[in-house]
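Here the protein sequences line up with chains A and B, keeping their order.
Going by our numbering, the first residue of the first sequence is number 232, and it counts up by one from there.
Going by our numbering, the first residue of the second sequence is number 5, and it counts up by one from there.
Below is one structure, written out as structure tokens; comments come after it.
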Amino acid sequence: MKEKIAELEEKARRLRVAIVKSLHKSQSGHTGGSLSAIDMICALYFHKMRHNPQEPAWDGRDRFVLSKGHAAPALYVALAEAGYFPSEDLMMLRRLGSHLQGHPDSKQTPGVDVCTGSLGQGLSMANGMALGLKLDGKPNRVYAVLGDGELQEGQVWEAAMAAAHYKSDNLCALIDANRLQIDGFVEKVMNVGSIAEKFRSFGWNVIEIDGHDMRAIVDALDAAEAHQGAPTAIVAATVKGKGVHLFENKAAYHGVTPNDQELPEALKCLGCFD
Amino acid sequence: MIATRDAYGETLAELGAENENIVALDADLSGSTKTGVFAKKFPQRFFNMGIAEANMVGTAAGLASVGKVPFLSTFAIFAAGRAWEQIRQSVAYPKANVKVVATHGGVTVGEDGGSHQSVEDIAIMRAIPNMTVIVPADGEETKGAIRAAAAYKGPVYVRLGRNKVPSVFAAGHQFVIGKGCQLVDGTDLTFVTTGLMTAQAVIAAERLKAEGISARVVHIGTIKPLDKELLLQAAEETGAIITAEEHSVVGGLGGAVAELLSEECPTLMKRVGIHDRFGTSGKSEELLKYFGLNAETLVEEAREIVTRKK
């Protein structure tokens, strides 16, 4: 297990490098929220989820919904690393004609199952998937990554209510609580309050972790899978821009990409010297 | 006489028996929208989502993504209105196989008043790429439309009504998405109608005949994609078009026909509908009269347009 964790940590480091390079090339996109979510996405794609990059529509696959769709670069680097498409495509992020749209688009990108990006809608879709899979008696699980700022959208709580009501224990929501949104601290812009208590009060199984502790992420995902009778919310305390001190905990880097001056330093932080 | 929503409930339950992938969702109005008929037969495949339309739409999109064929229903104002952006983002943008069947469209909702009377839904659904928009004239056409929607792969919006409406189509009528239907031939003008106004146009054409005015009636069951061929033919052959709908004249059938004709065959036109205002409380028959949504209005407008033509 120790080796597996170390392997995932190294993978996450490489994915961070790919995020920074992709965003530097595109000069458009969301840096902070991609870097805060990548450890969880890494654990999902390279440890927890059953999926087949050679057959993206494989019936036996678990489903992934990036509800905070602006973190698309984090999803794209994981998909490329897994082999859904060539990693060169990452250099075409957000370009006209590229299959890597600004926000995830199921019509264009292999491995993407739903369109997200308009915040607050992903958990509803994830629960719909969970309900459909259960109806068919399938063991597949559904994972959704949400932002903490995103929890300000009322639809999230409609979905939280419905998932608990229907006992969707094949659904796991991961909250990337990086405490920042475009206009500043979540707490200042519109205080969401206790995320864990809110999900708990809706009837969810709640696990609180450090969202950059790979071991904790893996354990939480295992615990979520084992929990029956209710969906699980993994509330992950994260750092926006994690891994590159230039971007860490800075709301300004929500939607700003690394520039030419920042790139070498950013890559150095990530142990990348090529 | 049967309400289109009743025809829907009956047909959805039939489809449920034929295709186990069909599921239904409702937002606490299953008794009114008639998804309750399906719910009774297939409780495992029915999801009451409570009074939360946005989540209902997203849930339906998720169900579609794992191979289900979701039919979701609530009143038109809440489906098209409240959940418009969810329909755009979670359904139409990914081209999800979700059927939005909205009941209680238009002013015939009646006593509940303007807050509940959707007079804009055709316009706002029609504006969304990938969306098919269907407004059946009667129960028989509704049955065909619901079956066609189930067979079609992609997002569909079907607008139904609350009240019983006269039959226009014979039993077994074949509904084809995108195909209009000429019900009465005529040479002086054409009524281009949808929903409950089609039955009124047939009555109006009959009355006009007695006055020596030959009115054609073209029913448009699919507002999008529009049957351009049939409409252009009517415009060319009769030289005058009167559209009629239980909806705002802004952006609905009248808007769609005006867009087509102004570009491809400029024709004398008049739009009968609700003129940029909200509905109001009253009995549905009173409201139809109040808003001029009846054969009398169509007869008057026909006389006038024939005079303008000369």
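Cβ coordinates follow ideal geometry from the N, Cα and C atoms, glycine included.
Practice task
Under 8 Å by Cβ, that's how I've got Val-172/B and Leu-193/B pegged, so tell me the actual separation to the nearest angstrom.
Solution key: Actually they are not in contact, since the Cβ atoms of Val-172/B and Leu-193/B sit about 19 Å apart, beyond 8 Å.
Exercise for the section: Label Gly-342/A either buried or exposed according to how many other C-beta atoms from any shown protein chain fall within 10 Å of its C-beta, with 16 as the threshold for buried. Expected result: buried
Practice task
Would you list the residues sitting across from His-223/B in a DSSP beta bridge?
Solution key: Cys-185/B, Thr-197/B
Practice task
Within 10 angstroms of the Cβ of Trp-435/A, are there 16 or more other Cβ atoms? Answer buried if so, exposed if not.
Solution key: buried
Exercise for the section: Kindly indicate if chain D contains any beta-carbon less than 8 Å away from that of Asn-59/B. Expected result: As a matter of chain content, chain D is missing from the structure shown, whose protein chains are A and B.
Practice task
Report yes if the CB atom of Ser-288/B is closer than 8 Å to the CB atom of Ala-127/B, and no otherwise.
Solution key: no
Problem - Any alpha helix (DSSP H) of 4 or more consecutive residues that is wholly inside the stretch 342-430 of chain A - result: 353-366, 385-396, 417-421
Practice task
Name, going along the chain, the residues of the stretch 61-74 of chain B whose beta-carbon falls closer than 9 Å to a beta-carbon of chain A.
Solution key: Cβ contacts with chain A come from Val-61, Gly-62, Thr-63, Ala-64, Ala-65, Gly-66, Leu-67, Ala-68, Ser-69, Val-70, Gly-71, Lys-72, Pro-74.
Handout entry: Cβ separation of Gly-351/A and Gln-386/A, assumed to be a contact under 8 Å, to the nearest whole Å
Key = Contact annotation, Gly-351/A with Gln-386/A: C-beta distance approximately 4 Å; criterion of less than 8 Å satisfied.
Practice task
Quick one: which unbroken alpha helix (DSSP H) runs of 4-plus residues sit fully inside the stretch 223-292 of chain B? Chain order, please.
Solution key: 232-242, 257-268
Exercise for the section: Please confirm if Gly-333/A has its CB atom under 8 Å from at least one CB of chain B. Expected result: no
Practice task
Below 8 Å CB to CB, which residues in the same chain sit around Glu-24/B once its five sequence neighbours on both sides are set aside?
Solution key: Excluding positions up to five away in sequence, the list reads Arg-49.
Practice task
For Val-169/B, collect the residues of the same chain with a Cβ closer than 6 Å to its Cβ; drop the 5 residues on either side in sequence, then sort them by chain order.
Solution key: Asp-142, Leu-200
Handout entry: Best match in Phe-430/A, Pro-489/A, Val-308/A, Gly-300/A for proximity to Ala-391/A [C-alpha to C-alpha]
Key = Phe-430/A
Exercise for the section: For chain B, find out if any of its Cβ atoms is closer than 8 Å to the Cβ of Asn-358/A; answer yes or no. Expected result: Yes, Asn-358/A counts as interfacial toward chain B.
Practice task
Use the C-beta contact count for His-255/A: other C-beta atoms within 10 angstroms, 16 or more gives buried, fewer gives exposed.
Solution key: By the 10 Å Cβ count, His-255/A comes out buried.
Handout entry: Proximal chain A residues relative to Pro-98/B, where beta-carbon distance stays under 8 Å
Key = Asp-336, Ser-337, Lys-338, Val-345, Cys-346
Exercise for the section: Would you check if the stretch 436-448 of chain A and the stretch 261-281 of chain A touch, i.e. whether three or more CB-CB distances between them fall below 8 Å? Expected result: yes
Exercise for the section: Determine the chain A residues that contact Arg-49/B at a beta-carbon separation under 8 Å, and present them in chain order. Expected result: Those within 8 Å of Arg-49/B in chain A are Leu-366.
Problem - Separation of Gly-472/A from Gly-110/B, as counted between CA atoms - result: Each residue's Cα considered, the two are about 50 Å apart.
Handout entry: Other residues of its chain near Asp-231/B: CB distance less than 7 Å, five sequence neighbours each side excluded
Key = Gly-182, Lys-183, Gly-184, Ile-224
Exercise for the section: Step through the CB atoms of chain B and report whether any lies within less than 8 Å of the CB of Glu-241/A. Expected result: no
Handout entry: Chain-order list of residues whose beta-carbon lies under 7 Å from that of Lys-147/B (same chain, five-residue window excluded)
Key = Ala-11, Thr-15
Handout entry: Straight-line Cα distance separating Ala-306/B from Lys-313/B
Key = Taking the CA atoms as reference points, Lys-313/B sits about 10 Å from Ala-306/B.
Practice task
Along the beta strand (DSSP E) that carries Asp-32/B, what are the first and last residues, could you check?
Solution key: No beta strand (DSSP E) holds Asp-32/B; DSSP gives it neither H nor E.
Practice task
Would you verify that the beta carbon of Ala-309/A is, or is not, closer than 8 Å to some beta carbon of chain B?
Solution key: Judged by the 8 Å Cβ criterion, Ala-309/A is not in contact with chain B.
Handout entry: Ser-171/B at chain A interface by Cβ criterion, 8 Å
Key = Taking Cβ atoms only, chain A never reaches closer than 8 Å to Ser-171/B, which makes this a no.
Exercise for the section: Alpha carbon to alpha carbon, how far is Ala-106/B from Arg-166/B? Give it in angstroms, no decimals. Expected result: 10 Å
Handout entry: Coil, strand or helix - Gly-109/B by DSSP
Key = strand
Handout entry: Endpoints, beta strand (DSSP E) assigned at Leu-297/A
Key = Segment 294-297, the beta strand (DSSP E) holding Leu-297/A.
Exercise for the section: Specify whether the stretch 251-265 of chain A and the stretch 324-339 of chain A touch according to this definition: at least 3 beta carbon pairs, one from each stretch, less than 8 Å apart. Expected result: Verdict: yes, contact present.
Practice task
Locate the beta strand (DSSP E) running through Ile-138/B, then write down its first and last residues.
Solution key: Residues 136-138.
Problem - Residue burial classification, Lys-235/A (beta-carbon count within 10 angstroms, cutoff 16) - result: exposed
Problem - Nearest-angstrom Cα separation, counted from Ala-262/B out to Ala-214/B - result: 29 Å
Handout entry: Close Cβ partners of Met-356/A (< 7 Å) along its chain, the five nearest in sequence each way excluded
Key = Closer than 7 Å at the Cβ level, and outside the excluded window around Met-356/A, lie Val-296, Val-345.
Practice task
Use the C-beta contact count for Arg-281/B: other C-beta atoms within 10 angstroms, 16 or more gives buried, fewer gives exposed.
Solution key: exposed
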